[in-house]
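Below is one structure, written out as structure tokens; the observations come after it.
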């Protein structure tokens with residue numbers, strides 16, 4: 002039994018699959034997550050996996066997550082006693098290991114884990130930049146298949162981490178981000 006349901010906001014249907022992007026009964030309706038446990042709490046996992054409100058269940062291969070630390074200098078300058086800073090990026094001295102330097106890595110990790118749990122063989126990901134980098138990096142790191150679709154006009158802005166370059170990338174010849182989605 003799952004710890005959440007995906008519900009159509011328009012008709013109230015509880016979807017059977019947790020990876021659906023739309024309700025089969027309602028065109029254009031937004032979906033929402035409804036959690037069995039109403040209290041948000043931190044668990045024993047690492048990185049983002051320590052939070053109980055994610056649409057995933059079992060063991061996670063990879064644990065990206067923001068680093069939260071108590072500020073000293075900025076807190077003093079602002080006259081605050083308890084200022085905490087959340088950092089999402091690459092800062093090894095603080096324990097931050099978001100190598101793509103984008104919060105999209107959190108999204109990619111959750112989407113890929115949910116897809117794996119639902120026995121989806123791979124993903125096609127349209128992107129104009131950061132999303133592509135995050136999915137390509139995690140695909141290379143975990144072995145989960147991803148194909149990136151990029152508009153040609155954005156190709157110059159794309160950069161992948163070494164090792165992610167083997168991820169297949171399709172280029173939409175003429176078009177923009179919405180054409181990459183289509």
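Residue numbers (my numbering): 2 to 183.
C-beta atoms are modelled at their ideal positions from N, C-alpha and C, and glycine is treated no differently.
Please go through the segment 110-139 and give each complete alpha helix (DSSP H) segment of 4 or more residues, from N-terminal end onward. Within the segment 110-139, no complete alpha helix (DSSP H) segment of 4 residues or longer occurs.
- What is the DSSP secondary structure of residue 159, reduced to helix, strand or coil? Along the chain shown, one-based indexing puts residue 159 at 158. DSSP places residue 159 in coil when its eight states are reduced to three.
Give the DSSP-derived three-state secondary structure of residue 86 in the structure shown.
-> By one-based count along the chain shown, residue 86 stands at place 85. Strand at residue 86.
>> At the level of alpha carbons, what is the spacing between residue 173 and residue 121?
In response: Counting from one through the chain shown, the residue named residue 173 turns up at place 172. Counting from one through the chain shown, the residue named residue 121 turns up at place 120. The alpha-carbon atoms of residue 173 and residue 121 are separated by roughly 24 Å.
| Count the other CB atoms within 10 Å of the CB of residue 2; is the residue buried (16 or more) or exposed (fewer)? | Counted from its first residue, the chain shown places residue 2 at position 1. Bear in mind that a pLDDT of 48 at residue 2, under 50, signals an unreliable position, so the number given afterwards is only what the model happens to contain. Exposed, by the Cβ-count rule.
Integer Cβ distance of residue 99 from residue 89, believed to fall under 8 Å: The residue labelled residue 99 in the question sits at position 98 within the chain shown. The residue labelled residue 89 in the question sits at position 88 within the chain shown. The C-beta distance from residue 99 to residue 89 rounds to 5 Å, short enough to meet the 8 Å contact threshold.
I want to know whether the segment 107-118 touches the segment 70-78 - three or more CB-CB distances under 8 Å. In short, these stretches do not touch, since the Cβ pair count stays below three.
Checklist entry - Whose CA, out of 167, 80, 159, 162, lies closest to the CA of residue 148? => result For the purposes of this step, residue 148 is taken as residue 147 along the chain shown, with counting starting at 1. Out of 167, 80, 159, 162, 167 has the C-alpha closest to the C-alpha of residue 148.
- Message: My output table needs one value for residue 73: the three-state DSSP class, helix, strand or coil.
- Response: What you label residue 73 is simply residue 72 of the chain shown in a count that begins at 1. The answer is coil: DSSP assigns residue 73 none of H, G, I, E or B.
- Task: From the DSSP output, in three-state form, read off residue 55 for me.
- Result: Working through the chain shown from its first residue, we reach residue 55 at position 54. Secondary structure of residue 55 (DSSP, three-state): coil.
| message | Going by C-alpha to C-alpha distance, which of 127, 119, 49, 66 sits closest to residue 93? | response | As a working mapping, residue 93 is identified with position 92 in the chain shown. Sorting 127, 119, 49, 66 by C-alpha distance to the C-alpha of residue 93 places 66 at the top.
*asked:* Using the three-state DSSP reduction, which class does residue 79 fall into: helix, strand or coil?
replied: Taking the chain shown and counting its residues from 1, the one referred to as residue 79 is at position 78. Residue 79 falls in the helix class under three-state DSSP.
Cross-strand partners of residue 34 (DSSP beta bridge)
As a first step, residue 34 is located in the chain shown; it is residue number 33 there, counting from the start. Its beta-bridge partners are 7.
Exercise. Using the Cα positions of residue 32 and residue 151, report the straight-line distance between them to the nearest angstrom.
Key: Translated into positions along the chain shown, residue 32 becomes position 31. Translated into positions along the chain shown, residue 151 becomes position 150. Answer to the nearest angstrom: the Cα atoms are 26 Å apart.
Straight-line Cα distance separating residue 175 from residue 53: As a position in the chain shown, residue 53 is number 52, starting the count at 1. As a position in the chain shown, residue 175 is number 174, starting the count at 1. Distance from the CA atom of residue 53 to the CA atom of residue 175, rounded to whole angstroms, is 42 Å.
- Task: Measure the C-alpha to C-alpha separation of residue 194 and residue 80 and round it to an integer number of angstroms.
- Result: Nothing in the structure corresponds to residue 194, since the chain is present only between 2 and 183.
Helix, strand or coil for residue 2? Go by DSSP, reduced to three states. The residue labelled residue 2 in the question sits at position 1 within the chain shown. Per-residue confidence for residue 2 stands at a pLDDT of 48, beneath the threshold of 50, marking its modelled position as unreliable; no derived number is given.
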